[in-house]
Amino acid sequence: MKGSTIGRSRVAAAAFRTACDSPLVTAHLKTLAQLELAEPNEVVQWQERRLRRFVDRWASAVPYYRENPEYLRSSDRTAAVLDKETVRRSSAAFANPKVPARQVTTGGTGGRPLNLRISYSSFFSEWAHIAYVWSRAGVRLNDPKITFRGSSLGTGFHGRPMIYQRTYNHMAVSPFHLSEATFTELLSSIRDLRPVAIWGYPSSITPFALWAARTGPHPELARLRAVLLASEGALDWQLDLFREVFDAPPIRWYGQSEKVVFGAECPRFPGHYHVTPTYGVAQVINDRIIGSGMTNAAMPLLRYDTEDGGALTPPGLMGGRCACGSPFAVLRDVAGRWDQSLVYGTHDEPISSAALNFHDEAFARFDRFQFRQERRGEVELRVASAGRVPDSAELEKARCLLQHRVGDRLVISVTVAAADDLLSRRGKILMIDQRYRPGQADFSAMPAQPT
Ligand SMILES: [Zn+2]
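The sequence shown runs contiguously to residue 1861 in the working numbering.
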């Protein structure tokens, strides 16, 4: 288990290292820089040509589209919207077997795992687009950073509160050790690093920001240019807090594991995401974001329903640009996977559910799962499998994996539930069934409700 974590960590680190000076990343950034100079209508035309080329080259060999050729006419917007359940049930029919890829599991509708194939070059494209977002805030991929993220970087902290990773050039702080002692140690250990950005989950950065507000100003944090927010929604009071305490703008981006649409937050209008034309084509149908991705040739998804809500508008008034200068279309009011879910550790410290990242083989064996918290520092993973009862070895394996990941901040148990019990009243699964309310002791400055 330890070996596989380190193995994955090495793969992730190698991908990042290669991405930093990969010609593919440089090429993407150059194309985006050129497109930024084009007029909005030219960007739209460029994107149509690009999608046409992608579909002809990669989607035409995909079994599902050969059977449903209306998808192969990219100007034809009458092809049915592809829903997650269709892709989940017959994911092999969406694969282009000639393209080498990695297998990735993500959450589908109703908490059922969705298996995806992601091409290797698509991982680089992802970094290129993240590099683009960061560069708009004056941060390069390999600039020194403080990072508050968990296992999604493949990082095993193995009980330590923080580790320096040369590849990422960051001091990574464990989301399970967010205490005053850790923050004090962090400041003394970043004196030579001279970080220019903070990168991580809003819920993990928040305790640090509150501590810094109480104990600062700290000269170690004076060079920060941006707070780069990953993976989950941030509430308005958190954005205000980061802006004020770190004297740097929070920067967000929008994307999905299925890699169909990518949005870079506008530096002028928070909550507006400019759709990067090199990544995918976005549409909004019935208030839902529908995307045709152009970076993942191993599993092209066309007119795919992200299940995220949103609104799509031109960049500026009357065919013009956004006030920030961008000619790229804007996604607003993005809602969905970003609903913030938290669990609370042994000292009531908030822990992002994203840190419980369960994209693992051991979890793909269950059809549905849900975390439930009823007591401080304890989380129960409830699982169900259609037509069979998971055996105790499977449950123990899942428990071990999770417990190893969260260290001593949470006690994990795994139980079997009936699949119907894992449905909320609206028929959609609740990823986190939070029944516990934290006390007001250490984190009293955090409002319980968004303001
Ligand atoms: Zn803008």
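The C-beta atom is built at its ideal place from N, Cα and C for all residues, glycine as well.
Residue i burial status per 10 Å Cβ neighbour count (16 or more: buried)
i, result
"residue 1723", "exposed"
"residue 1695", "exposed"
"residue 1686", "buried"
"residue 1799", "exposed"
"residue 1587", "buried"
"residue 1538", "buried"
"residue 1684", "buried"
"residue 1455", "exposed"
"residue 1648", "buried"
"residue 1729", "exposed"
"residue 1624", "exposed"
"residue 1755", "buried"
"residue 1863", "With the chain running from 1411 to 1861 in the structure shown, residue 1863 is simply not present."
"residue 1780", "buried"
"residue 1494", "buried"
"residue 1666", "buried"
"residue 1801", "exposed"
"residue 1429", "buried"
"residue 1569", "exposed"
"residue 1469", "buried"
"residue 1778", "buried"
"residue 1559", "buried"
"residue 1803", "exposed"
"residue 1797", "exposed"
"residue 1811", "buried"
Nonlocal neighbours in the same chain, by C-beta distance under 7 Å from residue i, ignoring five residues either side
i, result
"residue 1652", "1615, 1619, 1637, 1660"
"residue 1540", "1663"
"residue 1457", "1687, 1691"
"residue 1785", "1846"
"residue 1630", "1597, 1600, 1601"
Sub-8 Å separation of residue i and residue j beta-carbons
i, j, result
"residue 1709", "residue 1451", "no"
"residue 1669", "residue 1532", "yes"
"residue 1743", "residue 1492", "no"
"residue 1481", "residue 1511", "no"
"residue 1639", "residue 1612", "yes"
"residue 1713", "residue 1761", "no"
"residue 1826", "residue 1809", "no"
"residue 1759", "residue 1617", "yes"
"residue 1435", "residue 1504", "no"
"residue 1542", "residue 1674", "yes"
"residue 1499", "residue 1513", "no"
"residue 1677", "residue 1546", "yes"
"residue 1787", "residue 1821", "yes"
"residue 1741", "residue 1720", "yes"
"residue 1497", "residue 1711", "yes"
Nonlocal neighbours in the same chain, by C-beta distance under 6 Å from residue i, ignoring five residues either side
i, result
"residue 1556", "1581, 1605, 1608"
"residue 1693", "1700"
"residue 1584", "1567, 1571"
"residue 1844", "1783"
"residue 1731", "1725, 1737"
"residue 1655", "1619, 1622, 1623"
"residue 1501", "1525"
"residue 1776", "1793, 1795"
"residue 1474", "1503, 1504"
Near ligand 2: residue i beta-carbon under 7 Å from a heavy atom
i, result
"residue 1672", "Ligands displayed in this structure: ligand 1; ligand 2 is not among them."
Residues of its chain near residue i, where Cβ-Cβ distance is below 8 Å and the 5 sequence neighbours each way are ignored
i, result
"residue 1460", "1687, 1688, 1704"
"residue 1574", "1580, 1581, 1582, 1599, 1603"
"residue 1426", "1537, 1551, 1577, 1578"
"residue 1805", "1793, 1824, 1825, 1826"
"residue 1835", "The predicted position of residue 1835 is uncertain, since its pLDDT is 39 and thus under 50; a value taken from the coordinates is nonetheless stated next. Cβ neighbours of residue 1835 beyond the five flanking positions: none."
* To do: Enumerate, from N- to C-terminal direction, the unbroken beta strand (DSSP E) stretches of 3 or more residues contained entirely within the segment 1657 to 1697.
  => 1660 to 1664, 1673 to 1675, 1683 to 1685, 1690 to 1695
* To do: Write down every uninterrupted run of the beta strand (DSSP E) in the segment 1783 to 1837 whose length is 3 residues or greater and which is fully enclosed by it, in chain order.
  => 1788 to 1794, 1821 to 1826
* Which residue spans inside the segment 1581 to 1660 form an unbroken beta strand (DSSP E) run of at least 3? -> 1607 to 1610, 1636 to 1639
* To do: Could you pull out every unbroken beta strand (DSSP E) segment of at least 3 residues lying fully inside the segment 1497 to 1526, listed in chain order?
  => Taking only runs of at least 3 residues, the beta strand (DSSP E) segments lying wholly in the segment 1497 to 1526 are 1511 to 1517.
* What are the uninterrupted segments assigned as beta strand (DSSP E) that are 3 or more residues long and contained completely in the segment 1452 to 1482, given in chain order? -> none
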